[in-house]
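Q:
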Amino acid sequence: MIHQLELQHVTVRYGETTAVNNASLTLQAGDIGCLLGPSGCGKTSLLRAIAGFERVSHGSIALRGTTLSTPQSQLPPEQRKVGMVFQDFALFPHLNVRANIGFGLAHLTRAMRRSRVDSLLQLVALSEYASAWPHELSGGQQQRVALARALAPEPEILLLDEPFSSLDTELRTLLAEEVRALLKSSGITALLVTHDQHEAFAMADQITLLHAGLIAQTGTPYDLYHRPATEFVAEFIGEGNVISVAVTDSGIWNNTVNEGDIALPQPATGQVLRLLVRPGDIEHAADSQTALRVARKAFRGARYWYELLLPDGQRVPCTTTGNIDIPVGGLLPVRFNLRQNLVFDAAGNAARATAATPEGSQHPPRGSPAVTCA
Amino acid sequence: MAVTGVHPNTASRALSASTLWRSAIVLTATVIAVPVLVILVSLLGPYSKAWQHLLDTVLVDYVVNSLLLMLGVGLGTLLLGVSTAWLTALCDFPGRRLFSWALLLPMAMPAYIIAYTYTGLLDFAGPVQSALRSSFGWAHGDYWFPQIRSLEGAICMLSLVLYPYVYLLTRIAFLQQSTAVLEASRGLGKSATRTFVQVSLPMARPAIAAGISLALMETLADYGTVAYFGVSAFTTGIFRTWYGLGELHTAAQLAAFLLLFVLVLFTLERYSRARLRFHRTGNRAAPVRIRLRGWRAAAACTLSLGVVSAGFLLPAAQLTVWGAEHYSSALTPAFIRLLANSFLLAALASLSCLLLALLLGYGKRVHPGPVERAASRVASMGYAVPGTVIAVGVMIPFAWVDNSVAAALQQRFGISSGLLLSGTLGALVFAYVVRFLAVSLQSVEAGLAQIRPEIDESARSLGQTPLRVLKRIHLPMLRGSLLTALLLVFVDVLKELPTTLILRPFNFNTLAVRAHELASDERLAEAALPALAIVLIGLLPVILLTRNMSREPSAQ
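Structure follows, in structure tokens:
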């Protein structure tokens, strides 16, 4: 099967620094992928390598079976059939909206160019702005022009570099959903770079999380949240802390968490494991014997978010309903609900799930509350 | 992980291209730096007898007069520049819009031209004193009248045409001060006046300092005014040492001393400009102007009108009157040749500057590195160096090459080659390039800066080859900056007097040289036509500036 985009063991270096290390990734036609990660993780370098602005020093990049980049040969950017939407849009300030969108259509006849630009203007709902200048447009409008301009030559893949980062926070998620709908309805394959997981959730079918130049995990948004491959993924996606737990002779974990709270098939005495705790995993229970000290708290309207101290000083999150108001330093009675939780080995890789998640491999449809509740 | 290098072929090709750029840039910067280096090296000696003579007689005068000039012009431009900037930026009075650009007009008036125009106006035989005598029945010696041809006169003349540097930078600084900061001061209990003194003025201080240092650089570079007024300053001293004493090397050493003065100003200007960045606070909301009424408005009008009149309208009117009187006798083929010569020189120099600026600007863009940055710094130092200094610095190496070549030819073949480099248009154009490259480099770099790399990249990913990116993106986006670069250097060359005086080929005259020669011969009225031509052409960059001004934040 020919993948729309296929990266094999791609390494990108700047002098001595390795920005991307041995990254392999595929993206299917019509899918929207996302490179997610904190700043400096190499996501933009990888995107620029696909667009042809950076050389690969190892590995290869192929688009619909055509090799674009190897260490030996680089197809110049203009021959790649790759569209790109830049972080600050990079509209040509000396050209109006129509000329910006038609810029990459020099090979068409005047009439064909006109009709193609018209249909794109319609697609991004900017028909009445055809003769406006870039500086006359709002941020959102500029972004739509940049999108239309990149789509005009019908690229094999659309690359978007932090496309929403220069827009207002309130606009971002809204626009991300709009852009997703637009790309999906046109059947366009796209790869997005962002550091914002909410943006990634709103846009992508497939998320690749990068960490220090390495791919940490590739999967659906649901997978990344519920089946993180490493501690880094677990902590980056959604809220949650990873704590160390030690199995003592008496079978009690850290003097706090009872063995019964966690269902490990065969807990090995003396072993130290890492346990992912999400806010919902510790519940307020007025009748509980166990109470944890409140280290920090934040009022979130319908809910309170607490950070609680385990007796050994490790911190775990907990959310309660808005009427449970314990002061910082006070004690919150809780019940652990960790039977479903993920356990990592000492190296931070997912060791084993304590039990199969009830949903199994049946992912809920995208955008369902289960995914976005993070 | 296996380390696989980039493909050797492409790697070496990229390397050689970058080496080529870098060599070209370093070569350019080195050649541009030669005149200044020659001058500095001259300090190492030997010091001739003439030097002792200078020390005994005139050197103290040069230093004291130059310092007094700087002090006077510094104060003068500070007063004129800041007051007019404050009035047009932060106040409102009838005619403010008109004055805000009209106050730039004196920039079109070279100091040496305004100097001899005022001499004609205020001399014993001039219209002002004649009118006084006839209306009061005075005769010679009956009254005291200020002597215009003096140090004080030179200070006035230079201040009148150089204050726009301070005005321009300070005005922008005032306009860019965020209203929020000023309002915060008012909210903390300061009156409008105290806010101006304690907040606005200190915030504008780097801009004022930068403007004054530019004006003082021009003051140090001035030759025409001080020469005409008979003030012994460094520039006139350099001329006298060379032409009067025939001591080129001693002239170079004097020039080196002048350079030390310049260095102080240059450092001050760089420092102030660097600090300007920190003083730009917040969003530049349009300032709420203080509305002046009654006598205050009248005073504001009078001051602005007075400054514009004294700096431009009055001398321009006098020149026009003279020009009209001598129109028929002056507009001869010789005058046309003067124009043609000036235009040829200005065109050659501005084109050379533009090409080199493009080389340096693109070099820095394609292969940014410390070498490229340093090179463009070095290449743009000339604007601070007086024309006289550059001329001497060009003369010495060129004469050396000429003499060596002539000696070698004479020795080997018995041919006398004469002068190959010095005394040619080439030497003159080279000196102009050294002096004015900064002007075009600044425009080109500003133009290139607005073409961010992402613009290139987005054009590439839309299927354009690098060459087509140059044609479809860079050329149209740069057109304005390139034209500006050409125009600014063209006008500067046209106005430049001392460099041209020293380096022009024998019997080759330009507008500036001719105006200066005629004025020195007390044929003021005849000098009017070439002077008027210079002023008219000098108006072009002023118009350009006012066009940029109209794009400033509009205030309420």
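Chains as they are written, first to last, in my numbering: chain A, 286 to 659; chain B, -5 to 550.
Ideal Cβ positions, reconstructed from N, Cα and C, are used throughout, including at glycine.
Determine the burial state of Thr164/B: buried for a count of at least 16 other Cβ atoms within 10 Å of its Cβ, exposed for fewer.
A: When all chains shown are included, Thr164/B counts as buried.
Q: Based on the DSSP secondary-structure assignment, which residues constitute the bridge partners of Met369/A?
A: Met369/A pairs with Leu444/A.
Q: What residue range is occupied by the uninterrupted alpha helix (DSSP H) comprising Tyr161/B?
A: First-last of the alpha helix (DSSP H) with Tyr161/B: Leu145 to Gln170.
Q: Which residue comes first and which comes last in the beta strand (DSSP E) that contains Thr605/A?
A: Here the beta strand (DSSP E) through Thr605/A covers Arg600 to Thr606.
Q: Between Ser452/B and chain A, is there a C-beta pair that is closer than 9 Å?
A: It does: the Cβ of Ser452/B has a partner Cβ on chain A nearer than 9 Å.
Q: Check whether the Cβ atoms of Ile567/A and Leu560/A lie closer than 9 Å to each other.
A: No, Cβ-Cβ distance for Ile567/A and Leu560/A is not below 9 Å.
Q: Taking the beta carbon of Ala105/B as the centre, do at least 16 other beta carbons fall within 10 Å, making it buried, or is it exposed?
A: When all chains shown are included, Ala105/B counts as buried.
Q: From the beta carbon of His1/B, is the nearest beta carbon of chain A less than 9 Å away?
A: Interpretation of His1/B is limited by its pLDDT of 41, a score under 50 that renders its predicted location unreliable; the figure taken from the coordinates is listed afterwards. Chain A contact via Cβ: present.
Q: At which residues does the alpha helix (DSSP H) containing Ser60/B begin and terminate?
A: Where Ser60/B is concerned, the enclosing alpha helix (DSSP H) stretches over Leu53 to Leu84.
Q: Which residues in the same chain have their Cβ closer than 7 Å to the Cβ of Arg541/B, if we skip the five residues on either side of it in sequence?
A: Here the set comprises nothing.
Q: Given a cut-off of 9 Å on the beta-carbon distance, is the pair Val382/A and Ser342/A in contact?
A: No, these two residues do not count as a Cβ contact at 9 Å.
Q: Please check the pair His432/A and Gly318/A, which I expect to be a contact at CB under 8 Å, by giving their CB distance rounded to whole angstroms.
A: The question names His, but residue 432/A in the sequence shown is Leu. Actually they are not in contact, since the Cβ atoms of Leu432/A and Gly318/A sit about 17 Å apart, beyond 8 Å.
Q: Are the CB atoms of Leu499/A and Asn306/A within a distance shorter than 9 Å?
A: It is a contact, given that the beta carbons lie within the stated cut-off.
Q: Where do the ends of the alpha helix (DSSP H) carrying Trp289/B lie?
A: First-last of the alpha helix (DSSP H) with Trp289/B: Gly288 to Val302.
Q: Three-state secondary structure (DSSP) at Glu516/B?
A: DSSP places Glu516/B in coil when its eight states are reduced to three.
Q: Quick one: grab the DSSP three-state call for Val579/A.
A: Strand at Val579/A.
Q: Looking only at its own chain, which residues have a Cβ that is under 7 Å from the Cβ of Lys358/B, when we skip the five neighbours before and after it?
A: For Lys358/B, where only same-chain residues beyond five positions count, the Cβ hits under 7 Å are Glu366, Arg367 and Ser370.
Q: Can you tell me which of the three DSSP states Cys347/B falls into?
A: Three-state result, Cys347/B: helix.
Q: Is there a C-beta anywhere in chain B that falls below 9 Å from the one on Pro438/A?
A: Yes, its Cβ sits closer than 9 Å to a Cβ of chain B.
Q: In terms of DSSP beta bridges, what is Glu568/A paired with?
A: Arg620/A.
Q: Assuming Ala373/B contacts Thr22/B (C-beta within less than 8 Å), just tell me the rounded distance between them.
A: Ala373/B to Thr22/B, Cβ: 6 Å. Contact.
Q: Using Cβ-Cβ distances below 9 Å, what residues of the segment 360 to 379 of chain A are close to chain B?
A: Listed in sequence order: Pro361, Pro362, Glu363, Gln364, Arg365, Lys366, Val367, Gly368, Met369, Val370, Phe371, Gln372, Asp373, Phe374, Ala375, Leu376, Phe377, Pro378 and His379.
Q: To the nearest angstrom, how far is it from the Cα of Leu353/A to the Cα of Lys465/B?
A: Rounded to the nearest angstrom, the two C-alpha atoms are 26 Å apart.
Q: Are the C-beta of His420/A and some C-beta of chain B separated by less than 9 Å?
A: By this cut-off, His420/A is not an interface position.
Q: What residue does the alpha helix (DSSP H) around Phe223/B start on, and which one ends it?
A: Taken as a continuous stretch (DSSP letters only), the alpha helix (DSSP H) holding Phe223/B covers Gly218 to Phe223.
Q: Below 7 Å on C-beta distance, what does Gly614/A contact in chain B?
A: Ordered by position in chain B, no residue passes the 7 Å Cβ test against Gly614/A, which lies about 38 Å from the chain.
Q: Where does Arg465/A sit, in a helix, a strand or coil, going by DSSP?
A: Reduced to three states, the DSSP call for Arg465/A is helix.
Q: Under a three-way DSSP split, which group does Asn526/A fall into?
A: In this structure, Asn526/A counts as strand in the three-state DSSP scheme.
Q: If you measure from the beta carbon of Arg663/A to each beta carbon in chain B, is any gap under 9 Å?
A: Past the edges of chain A, shown from 286 to 659, lies residue 663/A, and the structure says nothing about it.
Q: Buried or exposed for Asn397/B, please, with buried defined as at least 16 other CB atoms from any protein chain shown within 10 angstroms of its CB.
A: Exposed.
Q: Excluding the five sequence neighbours on either side, which residues of its own chain have a C-beta within less than 7 Å of the C-beta of Arg143/B, listed in chain order?
A: Hits under 7 Å: Thr113, Phe223 and Gly224.
Q: For chain B, find out if any of its Cβ atoms is closer than 9 Å to the Cβ of Arg457/A; answer yes or no.
A: Closer than 9 Å: no.
Q: Under 8 Å between beta-carbons, which chain A residues line up against Thr296/B? List them in chain order, please.
A: Ordered by position in chain A, no residue passes the 8 Å Cβ test against Thr296/B, which lies about 40 Å from the chain.
Q: If contact is defined by three or more beta carbon pairs under 8 Å, each pair taking one atom from either stretch, is the segment 521 to 528 of chain A in contact with the segment 595 to 610 of chain A?
A: Counting Cβ pairs under 8 Å, three or more are found: they touch.
Q: Hey, how far is the Cα of Ser455/B from the Cα of Cys347/B?
A: Cα-Cα distance, rounded: 33 Å.
Q: For Tyr110/B and Leu518/B, I'd like the C-alpha separation in whole angstroms.
A: Between Tyr110/B and Leu518/B, the C-alpha separation is close to 7 Å.
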